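*Asks:*
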Amino acid sequence: MVEKLSQIGSSGPKITRRKTRSVRVGDLVIGSESHISVQSMCATKTQDIKATAGQIALLQEHGADIIRVAIDSRRDVEALVELRKGTSARLVVDLQESYKLAKSVAPYVQKIRYNPGHLYHHEKDTPVFEKVKYIVGVAREHDLALRVGVNFGSLDPAQAASGQDRFDVALESAREHIGYLEDLGFTNYVVSLKSSDPNDVMDINLRFSKQFPEIPLHLGVTEAGMLPLGEIKTRVAFENLLAQGIGDTLRVSLTLPYAEKFQEVLVAKKIIADVNAGRFRSVPRFEHDGLNIISCPSCSRVENEAFVDLAQQVRAMTQEFADKKLTIAVMGCRVNGPGETDDADLGLWCAPTHVNLKRGKELLGQFSYDEIIPRLKAEIDAVLSSRPSQA
Ligand code: SF4
């Protein structure tokens, strides 16, 4: 079954793809001349070499074409060196603020992802262009691909302050970085524009594809959450975009226990196979009137390993509110936690020993992992009773 599924993405394109450039990731090509590749990401702590090596093997065995690992420190780089000794998988490193780590990780990976929103934070006096130039220099020297990964939950603060809505800020951020890369004469890159809202993902990728038809797109609905809703949300965006020939590589982001992380790959391959066969299982747009739980897929940065349990407890506790129009975001760390919870009715994001609880943009407080579920329930009651129709 696994073997059969792993071949689907490469079984010859029946989807009429938009023509995009070829981007080389080791021996893999991303672009319309190649199959739609599938990516996933290790959720284990990168420095836990045994666990992360196991995670890489699990994802590779289930057909992941590219596997992402988070690197935030020198210790993570040392772990990466060890991981590389035990795997032939194509690895992509996710860099956040620490862009200078690009040089240290480059010999061990095929691709680097950077987030324009995070590049801003370190060395504030260094122009962003200089930081991009540094990363491009490393990518050239080691023949790596890059991904410019724009995320609605962590937009460039300087652009976000412009007063434009997040949709325009995200597009502007991508445009700016494409400008940098093209000015530097570097074309071996893909772009992603991700949001936890499938409608946003559809709309922004459509617009981007019209403006930059030749640039390969990495598709993703971030924080799609747990199954089955996580797959449904992802399908809405992917089925629509893939059917229009948009999307050259993709990742399904699901909140799953480590041992089940391979489900991300299987769901991705199932969606590609369905679109290839003309089987559409979703609706044109995501119109979800009931409870919507957004939760991140977790990664090495998760602040407490109780996160997946917490997300599952939130889902179980909130079943009684299934018919209420309520969005609850549950995030694993401070990277996307503060931003992605802003638009939710109630948001939780994990710290090592406590959980931050927000109502909209307001921080209500910090609660222990034991206290948070009853406290969240009380806040849900308060939100619902404050609505005129619920009174
Ligand atoms: S919110 Fe944090 S833990 Fe969750 S996927 Fe994003 S970076 Fe990883």
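Per my numbering, the sequence shown runs over residues -18 to 372.
The C-beta atom is built at its ideal place from N, Cα and C for all residues, glycine as well.
Given the structure is predicted, the values throughout are model-derived calculations rather than measurements.
1. From the DSSP secondary-structure annotation, give me the bridge partner or partners of Arg128.
2. Please name the residue in Ser135, Val172, Ala205 whose C-alpha comes closest to that of Pro197.
3. Taking all protein chains shown into account, decide if Glu391 is buried (16 or more other Cβ within 10 angstroms of its Cβ) or exposed.
4. Thr308 by DSSP, collapsed to three states: which one?
5. Once you ignore the five residues that flank Lys342 on each side, which residues in its own chain have a CB closer than 6 Å to its CB?
6. I need the straight-line Cα distance from Phe348 to Thr33, nearest angstrom please.
7. Going by other Cβ atoms of all chains shown within 10 Å of its Cβ, with 16 needed for buried, is Gln371 buried or exposed?
8. Helix or strand or just coil, what does DSSP make of Met207?
9. Please identify the residue among Asn221, Gln244, Thr215 whose C-alpha is closest to the C-alpha of Pro265.
10. Go through its chain and collect everything with a Cβ distance to Val117's Cβ below 6 Å, but skip five positions before and after it.
11. What is the C-beta distance between Ile252 and Arg216, in whole angstroms, given that I count them as a contact (C-beta under 8 Å)?
12. If you measure from each residue's Cβ to the nearest non-hydrogen atom of ligand 1, which ones come out under 6 Å, in chain order?
13. Grouping DSSP H, G and I as helix and E and B as strand, with all else coil, what is Gln113?
14. When we look at the beta-carbon of Ser366 and count the other beta-carbons within 10 Å, is it buried (16 or more) or exposed?
15. Tell me where the alpha helix (DSSP H) around Ala359 begins and ends.
16. Below 8 Å, how does it come out for the region 80 to 93 and the region 130 to 147: are there three or more Cβ pairs, yes or no?
17. Can you grab the Cα-Cα spacing for the pair Val213 / Ala60, in whole Å?
18. Going along the chain, which residues of its own chain have a beta-carbon closer than 6 Å to the beta-carbon of His123, five neighbours each way excluded?
19. Could you check if Gly67 is buried or exposed, using at least 16 other CB atoms within 10 Å of its CB as the buried criterion?
20. Given a threshold of 16 other Cβ atoms within 10 Å of its Cβ, counted over all protein chains shown, does Gly12 qualify as buried or as exposed?
21. In the region 28 to 110, which residue ranges form an unbroken beta strand (DSSP E) of at least 3 residues, counting only runs that do not cross its ends?
22. Nearest-angstrom Cα distance between Leu136 and Glu157?
23. Quick one: grab the DSSP three-state call for Lys342.
24. Does the region 244 to 263 come close enough to the region 224 to 235 that 3 or more CB-CB pairs lie under 8 Å?
25. Measure the alpha-carbon distance for Ile(-4) versus Glu352 and round it to whole angstroms.
26. Rounded to a whole number of angstroms, what is the C-alpha to C-alpha distance between Leu338 and Ala325?
27. Have a look at Asp386 and Gln145 and give me their C-alpha separation to the nearest angstrom.
28. Quick one: what's Gln347 bridged to in DSSP?
29. Alpha carbon to alpha carbon, how far is Leu291 from Gln77?
30. Alpha carbon to alpha carbon, what distance is there between Leu345 and Asn186?
31. Going by C-alpha to C-alpha distance, which of Leu72, Ser3, Glu301, Pro319 sits closest to Thr27?
32. Please state the DSSP three-state secondary structure of Thr299.
33. Find out if the Cβ-Cβ distance for the pair Ile227, Met298 is shorter than 7 Å.
34. Under the assumption that Asp53 contacts Ser79 (Cβ atoms under 8 Å), give the Cβ distance between them as a whole number of angstroms.
35. Less than 7 Å between the C-beta atoms of Val109 and Leu100, yes or no?
*Replies:* Per the coordinate set shown:
1. The residue labelled residue 128 in the question sits at position 147 within the sequence shown. Answer is Arg94, Val171, bridged to Arg128.
2. The count along the sequence shown starts at 1 and reaches residue 197 at position 216. It is Val172 whose Cα lies nearest to the Cα of Pro197.
3. Nothing can be reported for residue 391: it is not among the residues displayed for the chain, which extend from -18 to 372.
4. Residue mapping note: residue 308 aligns to position 327 of the sequence shown, counting from 1. Strand at Thr308.
5. Counted from its first residue, the sequence shown places residue 342 at position 361. Excluding sequence neighbours, Lys342 sits near Asp323.
6. As a working mapping, residue 348 is identified with position 367 in the sequence shown. As a working mapping, residue 33 is identified with position 52 in the sequence shown. Cα-Cα distance, rounded: 30 Å.
7. Taking the first residue of the sequence shown as 1, we reach residue 371 at position 390. Unreliable positioning characterises Gln371 in this predicted model, as indicated by a pLDDT of 46, which lies under 50. A coordinate reading is not provided.
8. Taking the first residue of the sequence shown as 1, we reach residue 207 at position 226. Met207: coil per DSSP, three-state reduction.
9. The sequence position of residue 265 within the sequence shown is 284, counting from 1. Ranking the options by Cα distance to Pro265, first place goes to Asn221.
10. To locate residue 117, count along the sequence shown from 1; it is residue 136. So the qualifying residues of the chain are Leu165, Phe167.
11. Start at 1 with the first residue of the sequence shown, and residue 252 comes out as number 271. Start at 1 with the first residue of the sequence shown, and residue 216 comes out as number 235. At roughly 6 Å, the Cβ-Cβ gap stays under 8 Å, so Ile252 and Arg216 are in contact.
12. Cys277, Pro278, Ser279, Cys280, Arg282, Val283, Met312, Gly313, Cys314, Val316, Asn317, Gly318
13. In the sequence shown, counting from the first residue as 1, residue 113 sits at position 132. Per the sequence shown, the amino acid found at residue 113 is Val instead of Gln. If DSSP states are grouped into helix, strand and coil, Val113 belongs with the helices.
14. Counted from its first residue, the sequence shown places residue 366 at position 385. Ser366 comes out exposed.
15. For this step, residue 359 is matched to residue 378 along the sequence shown. Residues 353 to 366.
16. no
17. For the purposes of this step, residue 213 is taken as residue 232 along the sequence shown, with counting starting at 1. For the purposes of this step, residue 60 is taken as residue 79 along the sequence shown, with counting starting at 1. For the sequence presented, residue 213 should be read as Ile rather than Val. If you take the alpha carbons of Ile213 and Ala60, they lie about 35 Å apart.
18. Along the sequence shown, one-based indexing puts residue 123 at 142. Only Ala87 meet the Cβ criterion.
19. Stepping through the sequence shown from its first residue, residue 67 is reached at position 86. Gly67 should be labelled exposed.
20. Position 31 of the sequence shown, counted from the first residue, corresponds to residue 12. Label assigned to Gly12: buried.
21. 47 to 52, 72 to 76, 92 to 95
22. Position 155 of the sequence shown holds residue 136. Position 176 of the sequence shown holds residue 157. So the two alpha carbons sit approximately 13 Å from each other.
23. In the sequence shown, the residue the question calls residue 342 occupies position 361. Lys342 falls in the coil class under three-state DSSP.
24. yes
25. Within the sequence shown, numbered from 1, the residue matching residue -4 stands at position 15. Within the sequence shown, numbered from 1, the residue matching residue 352 stands at position 371. The straight-line gap from Cα to Cα measures roughly 49 Å.
26. Here the question's residue 338 lines up with position 357 in the sequence shown. Here the question's residue 325 lines up with position 344 in the sequence shown. Looking at the two C-alpha atoms, the distance is approximately 11 Å.
27. Because residue 386 is not part of the residues shown, which for the chain are -18 to 372, the question remains open.
28. Position 366 of the sequence shown, counting from 1, holds the residue named residue 347. The partner list for Gln347 (beta bridge, DSSP) reads Asn337.
29. Your numbering for residue 291 matches position 310 in the sequence shown. Your numbering for residue 77 matches position 96 in the sequence shown. Roughly 25 Å separates the two Cα atoms.
30. For the purposes of this step, residue 186 is taken as the residue at position 205 of the sequence shown. For the purposes of this step, residue 345 is taken as the residue at position 364 of the sequence shown. Taking the straight line joining both Cα atoms gives about 35 Å.
31. For the purposes of this step, residue 27 is taken as the residue at position 46 of the sequence shown. Measuring from the Cα of Thr27, the nearest candidate turns out to be Leu72.
32. To locate residue 299, count along the sequence shown from 1; it is residue 318. Looking at Thr299 - three-state DSSP - the assignment turns out to be helix.
33. Here residue 227 refers to the residue found at position 246 when the sequence shown is read from its first residue. Here residue 298 refers to the residue found at position 317 when the sequence shown is read from its first residue. The answer is no: Cβ separation not under 7 Å.
34. Here residue 53 corresponds to residue number 72 of the sequence shown, with the count starting at 1. Here residue 79 corresponds to residue number 98 of the sequence shown, with the count starting at 1. At roughly 6 Å, the Cβ-Cβ gap stays under 8 Å, so Asp53 and Ser79 are in contact.
35. By one-based count along the sequence shown, residue 109 stands at place 128. By one-based count along the sequence shown, residue 100 stands at place 119. Yes.
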